[in-house]
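Under our numbering, think of the first position of the sequence shown as 1208, with each following residue one higher. Take a look at the structure below.
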Amino acid sequence: MPYQEPFMDKPLLPPDIFEFLATKTLGQDETLKQVAVAIYKHINDLPAGNILLIGNSGTGKTTIMNTVQQFFAEHQQLQRFQAMTIVNANMLEGDDKGDVKLGRMLKNLEQAVYKYYGNFITDEKLKEYMENATICIDEVDKISGKIADKSNVAGITIQHALLTMLEGEAILYDTVRDETGKPRNARVSIDTSRTLFICGGAFEGLYDIISDRIHQSGESIKLKSQRAGTGRVGMQRLILKDSLNLGDLFQYGMAPQFISRFNALCVLDDLGEDEMKQIFLSADDSPLRNSYEYFRSMDIDLKVTKSALELICRHAVANSRIGARALKEVFSRIIAEFEFDPFNSKNLSEESPRPVLTIDDTIVKEVLEV
């Protein structure tokens, strides 16, 4: 069901927030419900707690962050909370070894404030909007304290530098303001207890850490069936979200003090065939949708048969390391030849009101060699 905007005078409840998020991020309902509750607490000045998103590449971590940003931008009644920044964790590393540049993240946030509210706000308003912002730190696994079993000093330093902000303490931010054409120095005290933090990372290798721990301890392993590329039920895999404990993240290289600052650890599901189909057919950035528009610009209708669709999604699922991004890679291989010269393709048929280019399972099998 399409998202319907609640009345402006009606309080936004967690189900309303979830409904918006779920129209943009597909296949991660359990995680989105936790994010919706955190946003509800945030906009009602309740302790929201910080969220850590864990999931393979392409499962939707960055999409969730972008969708949260879109949620605030599209709800004008939440003006006080609209400032938001999404940064890569590695951006916080300074030029010198052991140096940390948290100011880069805060500068991005300051610029986000000006984007929404203009440059001529008072220092008090700048403080208010920065305090009530949402800060997203992507690829937080890249600041692990270990890389290839070797100590990563930069990662450890950045984790510890972030503790004060994640703990919700007040920090001093020095900036240069220029509301009247005369630059001046300003110092803003920011109470980060009002700020919502959402961090995310793929944490590659975490599965192996958990698997080794379970086998060494003799614990029972929680398994699930996964379908192989042929559609048959294949190997059994441990369910990451049911088996993860904090010790696994510590072993990965995340400091206990850092991880303890997160109230919710959300493990995103790997995408199955059903989720891939939904994304392929419905997502705003679906490669199929883009191809529809491309061929329509040539006054051609594109048709992908059901069997071809299933093969494409099955092949994408088999490449589980990059999740939904595999759809773009797989489909681009199939459609590339037709994009160049569709009018001389034997798969183009003259129909009314316009020609139809049909992609069937024969084409998919030939390109993917399946």
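All C-beta atoms, glycine included, are put in the ideal place defined by N, C-alpha and C. Since we're looking at a predicted model, the values are computed, not measured.
Following the DSSP letters along the chain, one finds Val1307 in no alpha helix (DSSP H), marked with neither H nor E.
Secondary structure at Ala1229: helix, using DSSP grouped into helix, strand and coil.
In the three-state reduction of the DSSP assignment, Met1505 falls in the coil class, being assigned neither a helical nor a strand state. Contact between the region 1378-1395 and the region 1446-1461 is absent: fewer than 3 CB-CB pairs across the two stretches fall below 8 Å. Leu1403 and Ala1245 have their C-alpha atoms roughly 8 Å apart. Sequence-distant partners of Ala1523 (beyond 5 residues in either direction) whose C-beta falls short of 6 Å from its own C-beta, in its chain, are Met1483, Ala1533, Leu1534 and Val1537. No Cβ-Cβ contact shorter than 9 Å links Ala1368 with Thr1399. Here the alpha carbon of Ile1354 sits roughly 15 Å from the alpha carbon of Ala1296. For the options Lys1349, Glu1480, His1422 and Asp1508, the alpha carbon positioned closest to that of Ala1462 is the one of Lys1349.
For Asp1345, DSSP records a beta bridge to Asn1295.
Listed as beta-bridge partners of Gly1479 by DSSP are no residues whatsoever. Here DSSP, grouped into helix, strand and coil, assigns Thr1387 to coil. Relative to the Cα of Ser1559, the nearest Cα in the group Ile1507, Asp1236 and Glu1573 belongs to Ile1507. Taken through DSSP and simplified to helix, strand or coil, Phe1404 comes out as strand. Counting only the Cα atoms, Leu1478 lies some 23 Å from Val1574. A check of alpha carbon separations from Arg1503 across Ala1280, Ile1529 and Glu1546 identifies Glu1546 as the nearest. The region 1252-1268 makes contact with the region 1230-1237: 3 or more CB pairs, one atom from each, lie closer than 8 Å. Counting of Cβ neighbours within 10 angstroms places Val1395 among the buried residues, the total reaching 16 or more.
Going by DSSP, Ala1543 is part of the alpha helix (DSSP H) stretching over Arg1532 to Phe1547.
With fewer than 16 neighbouring CB atoms inside 10 Å of its own CB, Gly1388 falls in the exposed class. Within the model, the alpha-carbon separation for Asp1419 versus Asn1263 is close to 19 Å. For Asp1356, the closest C-alpha among the options Leu1316, Gln1458 and Ala1290 is that of Gln1458. Under DSSP, Thr1565 shares a beta bridge with Lys1510. Contact check for Lys1231 and Thr1274: beta-carbon distance about 4 Å, within the 8 Å limit, so the pair qualifies. Under DSSP, Ile1397 forms a beta bridge with Ile1378. The distance from the Cβ of Phe1465 to that of Leu1316 is about 20 Å, inconsistent with a contact at the 8 Å cut-off. Here Asn1470 is near Gly1256, since their CB atoms are less than 9 Å apart.
Setting aside the 5 residues that flank it on each side, Ile1486 is surrounded in the same chain by Leu1233, Gly1234, Leu1478, Ser1493, Ala1531 and Leu1534, each with a C-beta closer than 8 Å to its C-beta; the list follows chain order. As computed with DSSP, Phe1469 is found in a beta bridge with Asn1257. Residue burial annotation: Val1571 is buried, with at least 16 other C-beta atoms found within 10 angstroms of its C-beta.
Rounded to whole angstroms, Ala1490 and His1422 show a C-alpha spacing of 39 Å. Counting only residues of its own chain and dropping the five nearest sequence neighbours on each side, Cys1406 has a CB closer than 6 Å to the CB of Leu1259, Ile1344 and Val1347. Per the C-alpha coordinates, the member of Asn1554, Glu1500, Ser1450 and Gln1286 positioned closest to Tyr1336 is Gln1286. Judged by DSSP in its simplified three-state form, Ile1354 adopts strand. A direct Cα-to-Cα measurement between Leu1564 and Leu1253 gives close to 54 Å.
Counting the other CB atoms within 10 Å of its CB gives Gln1289 a total of 16 or more, which places it among the buried residues.
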